[in-house]
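Chemist: A single structure is presented below for examination.
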Amino acid sequence: MYFSAHNLKKIRRGLIFLFILLASTLFAASENISLPDFGDSAGSVISPSYERRLGQMFLKQVRHFSTIINDPEVESYIQSLGYDLSSHSDNTEQSFTFFVIDNPTINAFAGPGGMIGINSGVILNSESESELAGVVAHEIAHVTQRHLARTFEEAKKYSLPTAAAMIGALIIATQDPAAGQAAITSIAGFNIQNQINFTRENEEEADRIGINLLAKSGYDPLGMPLFFERLQKLSKFSQSNAPEFFRTHPLTTSRIADSIARAESYPKKNYENSHAYELIRYKLLAKTIKKPREAILFLRDRLEKHEGSTSKKLPIRYGLAYAYLLDGAYAHANQQIKRLLKNDMNDAAYLLLAAKLKTEQSKYDDAFVIFKKAYELYPDYKPVIMAYARALVDVGRAEEARNIMKNYERHHSHDLNSYALLGQAESMLGNEIETAILQSEYYYLAGETKLAVEKLKFIKQRYKMDYYQEQSVSARLSELEYEFELEQDIKL
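Whatever position you read off the sequence shown (first residue = 1), add 151 for my numbering.
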């Protein structure tokens, strides 16, 4: 991944903030804990609740200098896969946030508070869902075993600045492995070999627990080591272009061999990729190839040469239809979508693609027939809800869009997309206070704490609110002002 000097400066400034937070955690732990913890020693350094808060700040920093894919279907898939795996872990109380980074390099990382990022390159280069699940399971294991907190505790043996710098180096490595390694080796007075050994122990533990997690969740335990083995072979042919994953997850031949042996100890079964996995891979492929016409040629060739059954070809056809849509070749897209729906007229992905085609052609009446059907079939499915509400807003049916989004928030937490969409609907309806509150939350999630504070102050000065609104805005303002003060102290 290439970083400009400006972006690297932003990253370093953001990480200074994280260092100070971690340092304050260490002081708090040393002052407030009076009873020994005979279980997880790392819990005495970073409490789970504080780590979750740190994770939220970490995610905001990631948004500053990386592009998180906000496609609801991609989001829903990776979250579904992640939650399925994490639900089978031994630490079901741990919260997780899974997201996909728009980056073709092969890398993944686990941040504080259960923040797990997967580069799109991992999905595109995986040859089975079990391989992708293996990468996610490995990162989940890093979180459930609290390796970040343990590393912090190890660094604490040397000094407080070393501890903070050590964690910061690990966080840098999630985005720029080379820079992260350089940061680690530059930490004065730290026993580098000790840290390397500690990291290898973490990786081996994550392998062991991750493989067990794959088996318990119904995936092929061999998915993880086989993916790593293929990456290792790839790196031998291209040392100058070795996968980024190797820099943050050091691999050795013996470690891979041990993992394969461990995975082969589980009962042998046949494993099939899920329909969603195949569709997401081909959708990402169509979007990743810079020129849609090149994607069309590639997918047409793959479709023609595929020797599988008609059902096995459907994901390729779906990717081809999406590529045609991106290229504005609506007649060809419609032809492929009809063939998809003929196979399954109730498939959510096919229905959404058909509705997208109609909206691109401004055939909104036809689109809403499809959206209504999809919403009746999948009333809680985020991609359907978001696409339907967006189309309603686009044609000025704001109240209907608002009702759909209000129902959505009863069961789902908001993200940048949903805050923006609901805010737009509230604005169209003339609900100025609600619009301003939503804008503040949008700014906060986007990492613009100052703008979020200013918006809440503007609300208090500009509008006459009822008692509940006043209390809610005041409480939220106090929370965000506190965070902004921390940022100001270190000149973020």
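Ideal Cβ positions, reconstructed from N, Cα and C, are used throughout, including at glycine.
If you draw a straight line from the alpha carbon of Gln620 to that of Asn568, how long is it in whole angstroms?
Modeler: On the sequence shown, position 469 is the one that residue 620 refers to. On the sequence shown, position 417 is the one that residue 568 refers to. If I take the Cα positions, the gap works out to 23 Å.
Chemist: Provide the residue span of the alpha helix (DSSP H) that contains Met496, from first to last.
Modeler: Mapped onto the sequence shown, residue 496 falls at position 345. Looking at the DSSP string, Met496 is not in any alpha helix (DSSP H), and its letter there is neither H nor E.
Chemist: Check for me: the beta strand (DSSP E) holding Gly268 runs from which residue to which?
Modeler: By one-based count along the sequence shown, residue 268 stands at place 117. Segment 266-270, the beta strand (DSSP E) holding Gly268.
Chemist: Could you tell me which of Arg553, Ile447, Asp531 sits nearest to Leu573, measuring between CA atoms?
Modeler: Looking up residue 573 in the sequence shown gives position 422. It is Arg553.
Chemist: Under the three-state reduction of DSSP, which class applies to Thr248: helix, strand or coil?
Modeler: By one-based count along the sequence shown, residue 248 stands at place 97. Note: Thr248 maps to strand in three-state DSSP.
Chemist: What's the call for Tyr618, buried or exposed, on a 16-neighbour Cβ count within 10 Å?
Modeler: Counting from one through the sequence shown, the residue named residue 618 turns up at place 467. The residue in question, Tyr618, is exposed, as its Cβ has fewer than 16 Cβ neighbours within 10 Å.
Chemist: Could you spell out the range, first to last residue, of the beta strand (DSSP E) harbouring Ala261?
Modeler: Looking up residue 261 in the sequence shown gives position 110. From DSSP, the beta strand (DSSP E) with Ala261 extends over 259-262.
Chemist: Using beta-carbon positions only, say whether Leu402 and Phe378 come within less than 7 Å of one another.
Modeler: The residue given as residue 402 occupies position 251 in the sequence shown. The residue given as residue 378 occupies position 227 in the sequence shown. Not a contact, by the Cβ cut-off of 7 Å.
Chemist: On the DSSP bridge assignment, give the partners of Ile219 in chain order.
Modeler: Counting from one through the sequence shown, the residue named residue 219 turns up at place 68. According to DSSP, which records beta bridges pairwise, Ile219 is partnered with Ile252.
Chemist: Straight-line CA distance for His298 to Tyr475?
Modeler: The residue you call residue 298 lines up with position 147 of the sequence shown. The residue you call residue 475 lines up with position 324 of the sequence shown. Cα to Cα, His298 sits roughly 45 Å from Tyr475.
Chemist: Between which two residues does the alpha helix (DSSP H) containing His289 stretch?
Modeler: Start at 1 with the first residue of the sequence shown, and residue 289 comes out as number 138. Residues 280-295.
Chemist: Three-state secondary structure (DSSP) at Val546?
Modeler: The residue labelled residue 546 in the question sits at position 395 within the sequence shown. Coil at Val546, not helix or strand.
Chemist: Does DSSP classify Asn568 as helix, strand or coil?
Modeler: As a first step, residue 568 must be located in the sequence shown, where it is residue number 417. Here DSSP, grouped into helix, strand and coil, assigns Asn568 to helix.
Chemist: For Lys611, count neighbouring Cβ atoms within 10 angstroms of its own Cβ and tell me buried if that reaches 16, exposed if not.
Modeler: Against the sequence shown, residue 611 aligns to sequence position 460. Exposed, since its Cβ has fewer than 16 Cβ neighbours within 10 Å.
Chemist: Alpha carbon to alpha carbon, what distance is there between Gln622 and Ile584?
Modeler: The count along the sequence shown starts at 1 and reaches residue 584 at position 433. The count along the sequence shown starts at 1 and reaches residue 622 at position 471. Roughly 14 Å separates the two Cα atoms.
Chemist: Terminal residues of the continuous alpha helix (DSSP H) containing Arg432?
Modeler: For the purposes of this step, residue 432 is identified with residue 281 of the sequence shown, where counting begins at 1. 426-439 is the span of the alpha helix (DSSP H), which, as asked, contains Arg432.
Chemist: Specify the secondary structure class of Gln594 as computed by DSSP and reduced to three states.
Modeler: Taking the sequence shown and counting its residues from 1, the one referred to as residue 594 is at position 443. In the sequence under discussion, the amino acid at residue 594 is Tyr, which differs from the Gln named in the question. Here Tyr594 sits in helix by DSSP.
Chemist: Return the chain-ordered list of same chain residues with a C-beta closer than 7 Å to the C-beta of Ala571, the five sequence neighbours on each side being excluded.
Modeler: Locating residue 571 in the sequence shown gives position 420, where the first residue counts as 1. Once the five neighbours on either side are set aside, the close Cβ partners of Ala571 are Tyr593.
Chemist: In whole angstroms, what is the alpha-carbon distance linking His483 and Lys456?
Modeler: As a working mapping, residue 483 is identified with position 332 in the sequence shown. As a working mapping, residue 456 is identified with position 305 in the sequence shown. So the alpha carbons of these two residues sit roughly 19 Å apart.
Chemist: Just to confirm my understanding: we take Met616, look at its own chain, exclude 5 residues before and 5 after, and list those with CB closer than 7 Å. What are they?
Modeler: The residue labelled residue 616 in the question sits at position 465 within the sequence shown. Excluding positions up to five away in sequence, the list reads Ile584, Val624.
Chemist: Just to confirm before moving on: does the CB-CB distance between Pro376 and Ser410 stay below 7 Å?
Modeler: In the sequence shown, residue 376 corresponds to position 225, counting from 1. In the sequence shown, residue 410 corresponds to position 259, counting from 1. Result yes, Cβ atoms of Pro376 and Ser410 sit closer than 7 Å.
Chemist: DSSP three-state label for Ala408, please.
Modeler: What you label residue 408 is simply residue 257 of the sequence shown in a count that begins at 1. Helix, per DSSP.
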